[in-house]
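A.B. asks: What follows is a structure written as structure tokens; I'll ask about it next.
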Amino acid sequence: MTGFVVIAGDAVNWFWSFRDFGVKGLSRAYVDDSNPPKELLAKKVNNWILWGFHSKRDYDILADLVRKHGVLNVVLVANAVSGVSKRGVIGFGRVTENMLVSRVPWDYWPIPPRSGRRWDWKFYIEVEYAVPKIVQGLDVLRSLGKEKFDRRLLGSGLGLERFIRECAPYILTLIPSNVTQGSKFVIGEDEYGMLKELALKLWGIAEEKRLGLRELDLNSVLKVVENYGLYYSRDVLVATVAALRSGKHLLLMGAPATGKSMLAKVLAEALGFELYACTASSAWTRYDFIGGPVLGENGRLEWRSGHLLRALARHLELKKESESGVLLLVEELNRAEADKVLAEFFTMFPSSNPEEWRFPEGLIREIRSFKERGAVDEDTAKLLEYFEKNNRIPEDFRIVATVNTFDRAFLFTLGYALQRRFVVLELLPPESREEELKAVIAQLKRKGIDVEKEETKMIAEETVDLIRTLRDTIERPLGLGITVDTAILAYEMVKSKGVSDIKEAIQKAAVCTVLPQLELVGEEVGEIVGKLKEKYEVVAEEIRRIGVFRRI
36 MTGFVVIAGD AVNWFWSFRD FGVKGLSRAY VDDSNPPKEL LAKKVNNWIL WGFHSKRDYD
96 ILADLVRKHG VLNVVLVANA VSGVSKRGVI GFGRVTENML VSRVPWDYWP IPPRSGRRWD
156 WKFYIEVEYA VPKIVQGLDV LRSLGKEKFD RRLLGSGLGL ERFIRECAPY ILTLIPSNVT
216 QGSKFVIGED EYGMLKELAL KLWGIAEEKR LGLRELDLNS VLKVVENYGL YYSRDVLVAT
276 VAALRSGKHL LLMGAPATGK SMLAKVLAEA LGFELYACTA SSAWTRYDFI GGPVLGENGR
336 LEWRSGHLLR ALARHLELKK ESESGVLLLV EELNRAEADK VLAEFFTMFP SSNPEEWRFP
396 EGLIREIRSF KERGAVDEDT AKLLEYFEKN NRIPEDFRIV ATVNTFDRAF LFTLGYALQR
456 RFVVLELLPP ESREEELKAV IAQLKRKGID VEKEETKMIA EETVDLIRTL RDTIERPLGL
516 GITVDTAILA YEMVKSKGVS DIKEAIQKAA VCTVLPQLEL VGEEVGEIVG KLKEKYEVVA
576 EEIRRIGVFR RI
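This is how it looks when you write it as structure tokens:
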């Protein structure tokens, strides 16, 4: 349950607060140049701005509303500046209980209350949207010395006036008439929605469809799985859908051929999204995943987007064109050095709550410095245009990463930071013989093989039995993909008349598909050969000959 209020204040004070939007700290107090109190700095978050009331009663009412509703949606209203701008909406935000501060006597703002008191009852507002000129001009606001915020200069063309004049055409003047300076005024959800719709249209911002993955359900995923003749345990699919809907990204662990990458394709298709796939490597740096300055063809330094930003740019493009999007697949993430690659990713996605996802202000400034001299690629230019108006990352953007099962050490290097953002799921081969056989037959059918023939059925059954025996013997989760590859290879050996005996063909195929996944051991080879040689002599002999085991 959420509430809705309008908070009005002096335009000069709002612009003073916006000086600290996008940064972790706070400016010195306007009145006496004193440093920010520790209790204020301890709470400050980049996309929060400080605000305050002079009345304890107003603050208590606000705090009660926050506790009652959990989330209080706020319309930011700046009062008129005579001869410069009209009274109207300059932004939208939200207040939650962790943003409440209480009484802190500190004269932060230039304009005091008319009552002669001070704005002592302070709280933070998380800014969701603001007049684009404000967001684009943060560096200008910060560059203005405090003398430029002297209200006596307004109307003279000096100080802050020029900046306010540039914002004036984008201030929405349709607001409740009985909202007074420094006050809050409760409004209805319909009123709030109308104001927001009109303002965002005026500002040229297309509001993101909130919780855009809410349409994803288990049935839509199961339908795609069935169409492809795949197998995933129901528990994995249930957890996958729940994770994406809740705001989490996915980290899929599993041995080779367990269907990690294919599951990402299934999810993209179920969502109606494009799949953007890339593969990590040990050579990856911030420039590969996020982006950064690189030497262009003409020898000059240019800013180019990495995989994450290219996927984001395409996601925004598709949302605008067709309300679709992009699912980013990062394969073999464990190959990359996390501290080199993921630092800014953790900043952009601080938790599993999409409302906290923001494009870093520092990254915007870095890109803007290259844009001013025409040294950015097309994707980067699109992102800058979007995030200068609204630094919220789309709530329906998701990442699926894959990791080899036996690189669990990778998880420990990232620890809690990774777990807060990703749901970790392990993909295993089918538990039952029937499930595996059904999946193998479905894949043979997709290859155009007649699965009604007894010969084909025998190949499928014998292959499943062999691979399941190998799993138990070598105690490693050989993926379903290996079972399918073995069956197809055995089928072609028989059909090409290269091998006449089906059981021999299956074993020869397994030598090609399974043994390359294993590595040398030593004394364990004899034990494995002993378990296999009675029923699977060809495989046992090949293992004995080359002494292989345990790579996957």
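Each residue of the sequence shown is one higher than the last, beginning at 36 in the numbering used here.
We put the CB at the ideal spot given by N, CA and C, even for glycine.
#1: State the Cα-Cα distance for the pair Trp51 and Glu407, rounded to the nearest angstrom.
#2: Label Leu298 either buried or exposed according to how many other C-beta atoms from any shown protein chain fall within 10 Å of its C-beta, with 16 as the threshold for buried.
#3: I believe Phe394 touches Asn439 by the beta-carbon criterion, under 8 Å. Please report the beta-carbon distance rounded to the nearest angstrom.
#4: Going by alpha carbons, who is nearest to Ala312 out of Arg321, Glu161 and Leu343?
#5: Mapping the DSSP letters down to three states, classify Phe384 as helix, strand or coil.
#6: Could you tell me which residues DSSP puts in a beta bridge with Tyr159?
#7: Straight-line CA distance for Tyr143 to Lys295?
#8: If we count Cβ pairs, one from each stretch, closer than 8 Å, do we get three or more for the stretch 143-154 versus the stretch 75-95?
#9: In chain order, what residues of the same chain lie with their CB nearer than 7 Å to the CB of Thr382, ignoring the 5 residues before and after it?
#10: With a cut-off of 8 Å, do at least 3 Cβ pairs link the stretch 68-75 to the stretch 113-127?
#11: Can you list, in chain order, the residues of its chain with a C-beta nearer than 8 Å to that of Ile428? Leave out the 5 residues immediately preceding and following it.
#12: What is the rounded straight-line gap between the Cα of Arg280 and the Cα of Leu251?
#13: In terms of alpha-carbon separation, which member of Tyr205, Gln542 and Arg481 lies closest to Arg503?
#14: Per the DSSP calculation, Met288 is bridged to which residue(s)?
#15: Taking only the alpha-carbon atoms, compute the straight-line gap between Met493 and Leu362 and give it to the nearest angstrom.
#16: Taking the alpha carbon of Leu513 as the reference point, which residue from Val560, Leu463, Ala410 and Val459 has its own alpha carbon closest?
#17: Just to confirm, does Thr415 get its C-beta within under 7 Å of one of the non-hydrogen atoms of the ligand ADP?
#18: Within 10 angstroms of the Cβ of Asn108, are there 16 or more other Cβ atoms? Answer buried if so, exposed if not.
#19: Which whole-angstrom value describes the C-beta separation of Pro291 and Gln478, a residue pair presumed to lie in contact below a C-beta threshold of 8 Å?
#20: Give me, in chain order, the residues of the same chain whose beta-carbon lies closer than 7 Å to that of Val175; leave out the 5 immediate sequence neighbours on both sides.
#21: Distance, Cα to Cα, Ile476 vs Leu253?
#22: If contact is defined by three or more beta carbon pairs under 8 Å, each pair taking one atom from either stretch, is the stretch 155-164 in contact with the stretch 120-133?
#23: Roughly how far, in whole angstroms, is the beta-carbon of Tyr266 from the beta-carbon of Ala474, given that I think they are within contact range, below 8 Å?
#24: Return the first residue and the last residue of the beta strand (DSSP E) that Ser340 is part of.
#25: Going along the chain, which residues of its own chain have a beta-carbon closer than 7 Å to the beta-carbon of Arg403, five neighbours each way excluded?
#26: Can you check the stretch 536-569 for any alpha helix (DSSP H) of at least 4 residues that lies completely inside it and give the ranges in chain order?
#27: In terms of residue numbering, what span does the beta strand (DSSP E) encompassing Asn108 cover?
#28: What whole-angstrom Cβ distance do Ile206 and Ser117 have, given they're in contact under 8 Å?
#29: Tell me Glu309's beta-bridge partners as DSSP assigns them.
#30: Would you be able to state if there are at least three C-beta pairs under 8 Å between the stretch 451-460 and the stretch 478-489?
#31: Under a three-way DSSP split, which group does Ala378 fall into?
#32: Got a sec, what are the start and stop residues for the beta strand (DSSP E) Arg152 sits in?
#33: Going by DSSP, what residue range makes up the alpha helix (DSSP H) through Phe405?
#34: Would you tell me roughly how many angstroms separate the C-alpha atoms of Leu179 and Trp156, rounded to the nearest one?
#35: Residue ranges of each alpha helix (DSSP H) run of no fewer than 4 residues wholly in the stretch 219-268, ordered along the chain?
#36: Can you give me the start and stop residues for the alpha helix (DSSP H) that Arg200 sits inside?
C.D. replies: With the structure as the only source:
#1: Going from the Cα of Trp51 to the Cα of Glu407 covers about 26 Å.
#2: Classification for Leu298: buried.
#3: About 31 Å; that fails the 8 Å criterion.
#4: From the listed residues Arg321, Glu161 and Leu343, the smallest Cα separation to Ala312 is found for Leu343.
#5: Phe384: coil per DSSP, three-state reduction.
#6: Looking at the DSSP assignment, Tyr159 forms a beta bridge with Leu85.
#7: One C-alpha to the other measures close to 53 Å.
#8: Contact between the stretch 143-154 and the stretch 75-95 is established, with three or more Cβ pairs separated by less than 8 Å.
#9: Only Pro395 meet the Cβ criterion.
#10: The stretch 68-75 is not in contact with the stretch 113-127.
#11: Taken in chain order, the residues that qualify are Leu347, Met383, Phe384, Pro389, Trp392, Arg393 and Phe394.
#12: Cα-Cα distance, rounded: 7 Å.
#13: The shortest Cα separation from Arg503 among Tyr205, Gln542 and Arg481 belongs to Gln542.
#14: Among the bridge pairs identified by DSSP, Met288 is matched with Val438 and Glu461.
#15: Separation of Met493 and Leu362 (C-alpha to C-alpha, rounded to the nearest whole angstrom) is 39 Å.
#16: The option with the nearest alpha carbon to Leu513 is Leu463.
#17: For the ligand ADP, the structure offers nothing, since it holds no ligand at all.
#18: Classification of Asn108: buried, given that the 10 Å Cβ count is 16 or more.
#19: No, Pro291 and Gln478 are not in contact; Cβ-Cβ is about 16 Å, not under 8 Å.
#20: Hits under 7 Å: Phe198.
#21: Distance between the alpha carbons of Ile476 and Leu253 is about 24 Å.
#22: They touch, by the three-pair rule.
#23: With a Cβ gap of about 4 Å, Tyr266 and Ala474 count as contacting.
#24: First-last of the beta strand (DSSP E) with Ser340: Leu336 to Ser340.
#25: The residues are Leu419.
#26: Runs found: 537-548 and 559-567.
#27: Asn108: member of the beta strand (DSSP E) spanning Val106 to Ala113, first to last residue.
#28: Distance from Ile206 to Ser117 at the Cβ level is roughly 14 Å; contact not present, criterion being Cβ atoms closer than 8 Å.
#29: According to DSSP, Glu309 bridges with Val361.
#30: Put simply, the stretch 478-489 does not touch the stretch 451-460. Fewer than three CB pairs are less than 8 Å apart.
#31: Ala378: helix per DSSP, three-state reduction.
#32: Neither: Arg152 is in no beta strand (DSSP E) and is coded neither H nor E.
#33: Looking at the DSSP string, the run of the alpha helix (DSSP H) that includes Phe405 is Glu396 to Lys406.
#34: Whole-angstrom Cα-Cα distance: 26 Å.
#35: With a minimum length of 4 residues, the continuous alpha helix (DSSP H) runs that stay inside the stretch 219-268 are 224-238 and 253-262.
#36: Start and end: Glu196 to Cys202.
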